[in-house]
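Below: the structure, in structure tokens.
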Amino acid sequence: MRNSHANHGSESGIQLQESIPVFLGEPSRVENSSKIVSGKDPAGDAPNDAARSIVLLRFSGDVTTKAPPTRRRFLQRLVTNLKDALSSLGIDHKVTRTHDRLFVEFSSLHEETAVDALSKIFGVQSLALVKKYAWATLDDIVETGEKIFRDAVRGRTFAVRARRVGDRRAIPFQSEEVQRRLGSALLPGAAGVSLKFPESVAALEIMPGEAYYFGQNVRGRGGLPLGCEGKAISLVSGGFDSPVATWLMMKRGVALDYVFCNLGGRDHQLETLRVMKVVSDRWSYGTRPHFHAVDFDEVTRDLQAKVSTRYWQVVLKRLMLRTAEIIANERAAWAIVTGDALGQVSSQTLQNIAVISPATSLPILRPVVGLNKDEIIQQAREIGTHDLSAKVGEYCALVPSKPATRATRAQIDYEERDLDLSILERAVSERTVLDLRTLDLDSLERPETQTSEIPPDSVILDLRSKAAFQGWHYPDALFLDFPNALRAYGELEAGRAYVLYCEFGLKSGHLAELMQRRGLDARHFAGGLKELIAYAKQRGLTTPEF
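In terms of numbering that gives the first Met the number 0, the sequence shown has 340 at position 341, counting the first letter as 1, and numbering is strictly consecutive.
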């Protein structure tokens with residue numbers, strides 16, 4: 000195995016007398032954006048430390064509802080994770096913990112970066128940039144609040160949200176009284192009160208001896224602190240489904256390593272690495288996920304030679320589960336995570352899933368199994384992997400035209416009878432392992448296999464099916480379908496320049512890489528058929544109409 004480590008419960012409202020405006024409304028709406036306005040005090044008065052910012056974090060219900068021992072363990076993990084988040088960004092900080100709150104203090108210069116990172120800590124329900132002031136009387140709270148919020152509410156509708164936190168016996172007034180008093184102080188300069196849809200919110204949390212003032216909340220992701228539920232192995236491919244499945248399990252507190260069974264060569268591996276690097280850098284604070292790249296070239300050759308075509312996908316998924324299980328046992332992981340969505344492709348029919356699953360004795364977690372594709376894609380946008388996943392093509396060389404959708408265990412046992420599992424074991428033992436948190440993608444060597452043009456006198460090879468080739472092919476291209484190309488590329492004439500293309504660019508990229516290893520001058524057309532057709536149009540060549 001090759002290891003690479005590159006450097007680099009708020010109180011509810013009450014009815015008030017008619018002569019007093021109602022400032023108490025629904026709980027403050029939680030905003031989805033991490034951009035909060037703080038900066039200078041609206042009153043012109045400096046907080047206790049003008050160079051420092053304070054963020055108040057509230058825990059998710061998954062944390063607060065646990066029994067005291069479990070709650071303590073979860074909170075310890077949450078603090079560890081947020082410290083790792085800020086430390087990894089080079090932000091000095093101080094964390095103060097109360098019974099049901101965390102306060103994080105750091106230089107105001109890092110405010111936007113810190114808030115964004117803290118909003119991505121699982122176990123945090125919401126957070127807010129706050130201003131902290133001491134108080135001795137209710138008058139102190141109202142006077143300070145009026146100074147802080149008067150500019151923010153001027154000419155706008157507003158609502159006051161106040162909440163007592165901690166030992167309420169040490170706070171000799173009710174939240175409603177604070178809201179009435181502060182609302183009355185702010186009303187003369189405002190456009191009015193709006194409880195449901197205020198243009199501005201004056202919010203404060205009051206603790207014994209001190210009060211925290213803030214505007215809108217930032218939405219956290221909730222869930223459980225990452226790592227509190229142990230470790231699992233996530234099978235990833237770089238497409239939309241597996242990163243979303245990964246993220247959803249992380250949200251439930253599961254730390255992950257990633258296993259990539261490489262079918263498409265170095266380019267496919269690098270594309271998948273880019274996707275999982277985003278997940279690691281943005282969401283994996285407190286853990287050190289590793290990326291295990293297993294070369295499946297010999298494994299799939301053995302499969303294609305010994306398994307009936309219609310069962311390729313089912314057997315392939317079983318081999319991937321076996322791979323994940325071997326690595327899970329080495330990494331002390333308790334389960335395997337997949338991006339299976341019921342009925343999405345032939346291998347994900349209910350009957351095929353039932354046949355595939357016994358390939359491992361470990362639990363298989365399928366968090367996106369009931370989601371539609373559009374729901375998965377929307378989630379990918381939210382976690383930041385969508386654009387990269389959209390560029391990862393599907394490796395279609397092992398997708399038969401008539402795949403089995405209702406395989407039986409007896410059929411699969413028969414199909415697998417001659418497989419040489421020592422090939423799989425060897426591939427796992429020789430895998431490449433990368434620490435994603437420290438990995439510098441630019442430091443990885445990328446083979447020069449791509450081209451965006453077709454040089455004169457080059458040999459053009461179309462790796463698609465015969466029907467696709469007959470439907471349209473680039474002028475003077477030769478037909479050599481991918482399965483035959485894999486067997487015959489070693490016999491190709493040396494001294495010629497070859498340009499390969501396929502549907503999406505994965506098969507052609509893989510074959511170009513293999514040909515280069517044999518000393519052949521081979522490139523593949525970047526972007527697959529879509530880009531090749533655009534290239535042909537630019538040159539006035541006949542192209543298919545879609």
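Each residue gets a CB set at the ideal place from its N, CA and C atoms; glycine is no exception.
Query                                                                                                                                                                                          : Result
Which residue from Val-398, Leu-531, Asp-419 puts its Cα closest to that of Leu-460?                                                                                                           : Leu-531
Under a Cβ-count criterion, where at least 16 other Cβ atoms within 10 Å of its own Cβ denotes burial, should Glu-502 be classed as buried or exposed?                                         : buried
Among Gly-182, Leu-128, Tyr-500, whose alpha-carbon lies nearest the alpha-carbon of Glu-142?                                                                                                  : Gly-182
With Ile-205 as the anchor, note down where its beta strand (DSSP E) starts and where it stops.                                                                                                : 199 to 206
Within its chain, find whatever has a CB closer than 7 Å to the CB of Arg-281; leave out the 5 residues flanking it on each side and keep chain order.                                         : Lys-119, Gly-383
In this structure, how does DSSP classify Lys-401 when only helix, strand and coil are distinguished?                                                                                          : coil
So, are the CB atoms of Leu-255 and Ala-323 less than 8 Å apart?                                                                                                                               : no
Mind checking who Asn-261 pairs with in its DSSP beta bridge?                                                                                                                                  : Asp-294
Do you know how far the Cα of His-385 is from the Cα of His-4?                                                                                                                                 : Caution is warranted here: a pLDDT of 44 is assigned to His-4, below 50, making its placement in the model unreliable, and the coordinate value is therefore given only provisionally. Their backbone Cα atoms lie some 26 Å apart in a straight line.
For Val-177, which three-state DSSP category applies?                                                                                                                                          : helix
Sort Tyr-500, Phe-290, Arg-538 by Cα distance to Phe-524 and report the nearest one.                                                                                                           : Tyr-500
For Ala-358, which beta-bridge partners are listed by DSSP?                                                                                                                                    : Beta-bridge pairing links Ala-358 to no other residue.
Hey, how far is the Cα of Pro-67 from the Cα of Gln-75?                                                                                                                                        : 12 Å
With a cut-off of 8 Å on the beta carbons, I'd call Arg-155 and Ala-189 a contact; round off their distance for me.                                                                            : 6 Å
What does the alpha-carbon distance come out to for the pair Ser-457 and Val-314?                                                                                                              : 38 Å
Using 8 Å for Cβ pairs, my map puts His-289 next to Val-114. What's the rounded Cβ distance?                                                                                                   : Contact flag wrong, Cβ pair sits at about 29 Å.
Kindly indicate the opening and closing residues of the alpha helix (DSSP H) around Ala-484.                                                                                                   : 481 to 487
How about Ala-332 and Ala-231: do their beta carbons lie closer than 8 Å?                                                                                                                      : yes
Taking contact to mean at least 3 C-beta pairs separated by less than 8 Å, is the segment 210 to 225 in contact with the segment 298 to 307?                                                   : no
When we look at the beta-carbon of Gln-350 and count the other beta-carbons within 10 Å, is it buried (16 or more) or exposed?                                                                 : exposed
Could you check if Ala-353 is buried or exposed, using at least 16 other CB atoms within 10 Å of its CB as the buried criterion?                                                               : exposed
Helix, strand or coil for Leu-433 per DSSP?                                                                                                                                                    : strand
Going by C-alpha distance, which of Lys-250, Ser-283, Thr-271, Phe-295 is nearest Asn-261?                                                                                                     : Phe-295
Among residues of its own chain, excluding the 5 on either side of Glu-176, which ones have a beta-carbon nearer than 8 Å to its beta-carbon?                                                  : Leu-137
Do the segment 361 to 376 and the segment 265 to 285 make contact, defined as three or more Cβ pairs closer than 8 Å?                                                                          : no
Under a Cβ-count criterion, where at least 16 other Cβ atoms within 10 Å of its own Cβ denotes burial, should Asp-412 be classed as buried or exposed?                                         : exposed
Please go through the same chain and pick out, in chain order, the residues whose beta-carbon is closer than 7 Å to the beta-carbon of Leu-519, but skip the five residues on each side of it. : Leu-491, Ala-493, Tyr-497
Is the CB-CB distance between Pro-207 and Gly-165 below 8 Å?                                                                                                                                   : yes
What does DSSP give as the partner residues of Val-129 in its beta bridges?                                                                                                                    : Ile-53
What is the DSSP secondary structure of Gly-38, reduced to helix, strand or coil?                                                                                                              : Note on Gly-38: pLDDT 35, under 50, position unreliable in the model; the coordinate value appears next. The answer is coil: DSSP assigns Gly-38 none of H, G, I, E or B.
Taking the C-alpha atoms as reference points, what is the distance between Ala-151 and Phe-58?                                                                                                 : 27 Å
Can you find the residues in the same chain that come closer than 7 Å, C-beta to C-beta, to Leu-540, ignoring five residues on each side of it along the sequence?                             : Pro-474
Thinking Leu-510 and Tyr-488 are a contact (beta carbons under 8 Å), I'd like their distance in whole angstroms, please.                                                                       : 6 Å
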